[in-house]
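Input: a single structure, listed below in structure tokens.
There are 2 protein chains.
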Amino acid sequence: MALKHADPGQVIDLSPYGSRLSAAQSIALFKSEDLEVMRLVLMAGKAMPSHHVAGEITIQCIEGSVEVAAEDATHVLRPGHLLYLSGRAPHALLALEDASVLVTVALKRIPPAAA
Amino acid sequence: MALKHADPGQVIDLSPYGSRLSAAQSIALFKSEDLEVMRLVLMAGKAMPSHHVAGEITIQCIEGSVEVAAEDATHVLRPGHLLYLSGRAPHALLALEDASVLVTVALKRIPPAAA
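Here the protein sequences come in this chain order: L and H. Just add 74 to the spot in the first sequence (first one is 1) and you have the working numbering. Just add 74 to the spot in the second sequence (first one is 1) and you have the working numbering.
Right, here's the structure in full:
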């Protein structure tokens, strides 16, 4: 995954890649104290196996379509659709068409040890 | 702000309101353990005065355009643009055109008191 992190106060363009999609790569937009935001590119038929993260996440389809298996159900996300998932919820993705999706992860920080 | 909370694993349609925008209202999509997500509707000329929240936020323009003053700069967000702001960063919004924007807030939880 290419790294090209945005700074706070920087505008990130999430317009559909369109004809440039097939040459695009998944990108980590930023990872900071509370949030990690990435834009995943998945070509049709490509899958991301089931996995989970500690915090809640949202998955927003920017273009194409993806199938998300999570929370005991399967959802098809098309452009403009957003799905939010509980922390620790296993989820798997499958691109039904060439797709890019925005994933926002709430990071869980370990509280400082008691003094 | 109308309340109509989504559940985990529920697909939320964030397609532009288009011709329905003038009749739309700001809506809290969900607020759970780690994240609060809302879709704000601001008619042209309407402002949201400077304020701040504890956690980091992202502001994503769905339709129209908004001016965001934050982090010592002013940004114009158009459809597909996303801005992320540090926690506690004061920010103000002004709709340049009738607009709807998605706001994602990382909630700060007070760690449980040490035993």
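Beta carbons: idealized from backbone N, C-alpha and C, even for Gly. No experiment lies behind these values; they were computed from the predicted model shown.
Cα atoms of Pro164 of chain H and Glu141 of chain H: separation of roughly 14 Å, rounded to the nearest angstrom. Residue L:Tyr91 holds the alpha-carbon nearest to the alpha-carbon of Gly154 of chain H among L:Thr132, L:Asp81, L:Tyr91. Taking 7 Å as the cut-off, the beta carbon of Ile131 of chain L is found no closer than this to the beta carbon of Leu168 of chain L.
Residue-level contact by beta carbon holds for Glu145 of chain L and chain H, with a gap shorter than 7 Å. Gly129 of chain L is classed as buried because its beta carbon has at least 16 other beta carbons within 10 Å across all chains shown.
Of all residues in the stretch 78-108 of chain H, the ones placed with a Cβ closer than 9 Å to any Cβ belonging to chain L are Ala80, Asp81, Pro82, Gly83, Gln84, Val85, Ile86, Asp87, Leu88, Ser89, Pro90, Leu103, Phe104, Ser106, Glu107, Asp108, in chain order.
In the same chain as Gly119 of chain L, and ignoring 5 residues on each side of it, the C-beta atoms closer than 7 Å to its own belong to Ala169, in chain order.
The beta carbon of Ile86 of chain L sits closer than 7 Å to those of Ala80, Leu103, all from its chain and outside the five residues before and after it, given in chain order. Separation of Gly138 of chain H and Ser174 of chain H (C-alpha to C-alpha, rounded to the nearest whole angstrom) is 7 Å.
For the stretch 155-171 of chain H, the residues whose beta carbon sits under 9 Å from a beta carbon of chain L are, in order, His155, Leu156, Leu157, Tyr158, Leu159, Ser160, Gly161, Ala163. The C-beta of Arg162 of chain L has fewer than 16 other C-beta atoms within 10 Å across all chains shown, which makes the residue exposed. Beta bridge pairing from DSSP links Val177 of chain L with L:Met112, L:Ile133. Only exposed fits Ala121 of chain L, as fewer than 16 other CB atoms lie within 10 angstroms of its CB. Shown here, Ser124 of chain L sits in a strand according to DSSP, grouped into three states.
In this structure, Val115 of chain H keeps its C-beta atom at 7 Å or more from the C-beta atom of Ala143 of chain H.
Nearest to Cys135 of chain L by C-alpha distance, out of H:Lys105, H:Ile101, H:Ser89, is H:Ser89. With respect to Arg94 of chain L, Leu176 of chain L sits apart: the two C-beta atoms are not nearer than 7 Å. Residues of the same chain with a CB within less than 6 Å of the CB of Thr178 of chain L, apart from the 5 flanking positions on each side, are Val111, Thr132 in chain order.
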